[in-house]
Every structure is written in structure tokens, then in C-alpha cells.
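Student: I'd like to ask some things about the structure below.
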Amino acid sequence: LSRDLPRKLVTVLIQLRTGHAPLQAHLYKIKKVDTHTCPCCKRHPETVFHYLIQCRTHCTHQDQLRQQIGQRNMNLAALLMEKSLLKHLFQYIDETKQFHYILGDLPHLADKD
């Protein structure tokens, strides 16, 4: 699945799949931050699920993602495992700028339809 991806995207994908992404819940677990609460909405722990699907701060981007991939694919298993959805997942991550301070801009994947 990750063989054809640029290294930066593979890194992000592995971090998301393992729950070791630089999000507050993980950073709190490894004692890098004082709270696990999402810095955007300040309501819930910032987990991978929260960031990709639940956080209302990102609702505009989530709505765009939902339109691109369909409601039935708006779940972690599909987003993180379906090769056909990765382009849209990485676009969402790039547009929300969530990991920008670490990774900078993410490379864009070409359509392979």
C-alpha cells in the first residue's frame, strides 16, 4: 500500500495508523504536553479519530472530504487503509495544516484512475 508513496506521506500514514501522530492525545501519553485536549475545539481528547472525523473546527474540510469519498467511507478503517482514499486523506491533512509545523506542505498524489 505504501510502496508508491513519497516518504513524507508514508510517515504520516504510519503515525495515523499506529496512533503515534503528533496529536495531543499521543503527545500527552509520552509526556510532551500537559493536556490531551484538542487545541482547536478545546472539548475532546485530540485523537486520530477526533482530528479526522469529529473535531468541529475542521468541519468545512471534513465536509469536503465526505463529498469526495462518500459518507460510507468516512471512518478510520477506510480512510487509513483504502488506497483509493489516500489522496483525499492527504489533501485533508494538508489543508487543515495540522502537521504543517513538523512536515511542511505535503506532496500531492496524482490521480491514478
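For the sequence shown, UniProt numbering begins at 1 and goes up steadily by one.
Even glycine gets a Cβ: it sits at the ideal position worked out from N, Cα and C.
Return the CA-CA distance between Thr96 and His58, expressed in angstroms with no decimal places.
Tutor: 7 Å
Student: How would you write the range of the alpha helix (DSSP H) that Thr57 sits in, first residue to last?
Tutor: Taken as a continuous stretch (DSSP letters only), Thr57 belongs to no alpha helix (DSSP H), as it is neither H nor E.
Student: On the three-pair Cβ rule with 8 Å, is the region 14 to 28 touching the region 44 to 53?
Tutor: yes
Student: Classify Thr47 as helix, strand or coil using the three-state DSSP reduction.
Tutor: coil
Student: Mapping the DSSP letters down to three states, classify Thr37 as helix, strand or coil.
Tutor: Reduced to three states, the DSSP call for Thr37 is strand.
Student: Using 9 Å as the limit for Cβ to Cβ distance, is Gln64 near chain B?
Tutor: Any reference to chain B falls outside this structure, which holds one protein chain only.
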